[in-house]
Structure formats: C-alpha cells, structure tokens
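Those letters in the sequence shown? Residues 1 to 89, per the numbering used here, in order. Even for Gly, the Cβ is constructed at its ideal location relative to N, Cα and C.
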Amino acid sequence: MPQPTADGSFTFFSPEFGETFHSHFGAQQEAEFKFVYPVQLLSRIHQPVVCLLDVCYGLGYNTASALAAIWKINPGCKIQLVGLELDPE
C-alpha cells in the first residue's frame with residue numbers, strides 16, 4: 001500500500017524487510033540526495049549520452065530523479081540505463 005512522505009512523494013512498506021522503501025521525510029528527496037548528487041550527475045548533463053546504473057531499482061525513484069535532472073537541462077540527451085532488481089516481478 002502506498003504511503004505518503006513529507007515531500008509529497010509516495011513510498012511502499014516492505015513486509016519482508018519490515019521497513020519502508022524510502023525515508024518518511026521524502027522518497028523524491030532521498031533519491032536526489034543519495035543518487036543524483038553523489039554521482040555528480042549535474043556535471044555530466046551536457047554529454048550527448050549518459051549511462052546510469054540503478055542497483056535495487058525498486059520503485060524507480062532514483063532513475064526518475066536522474067532523468068528529470070538530465071532532461072531539465074539537456075532534453076535531447078540519450079540515456080543508457082541498467083537497472084538491477086531482486087524482485088523478478
């Protein structure tokens with residue numbers, strides 16, 4: 001069941017791990033601070049192709065945050081994405 005977070009984005013609770021997928025402060029905020037900024041994505045935005053690796057793809061917030069940041073500045077940028085996920089569904 002979706003659970004709202006403080007920044008207005010949603011996350012889910014994992015019964016298997018006994019915790020939510022993201023911080024209650026904000027799933028979107030967490031994706032930006034743990035994925036977009038640490039990989040210095042903003043310094044690569046002007047390249048014609050950007051390669052992304054999203055380990056534990058989950059709900060896709062990390063990828064969505066990266067795409068939003070890239071396409072806001074460089075809408076013609078091509079993305080090569082590899083997303084790894086434990087859950088086969």
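Indicate whether Phe35 and Asn62 have their beta-carbon atoms separated by less than 7 Å. yes
Alpha-carbon spacing of Ile79 relative to Cys51, whole angstroms: 6 Å
Hey, how far is the Cα of Glu42 from the Cα of Gly60? The sequence shown places Leu at residue 42, rather than the Glu named in the question. Going from the Cα of Leu42 to the Cα of Gly60 covers about 19 Å.
Going by Cα to Cα distance, which pick from Ala64, Ile70, Gly58, Phe33 is closest to Pro48? Ile70
Using a Cβ-Cβ cut-off of 8 Å (strictly less than) and excluding sequence neighbours within five positions of Glu85, which residues of its own chain qualify? Cys56, Tyr57, Gly58
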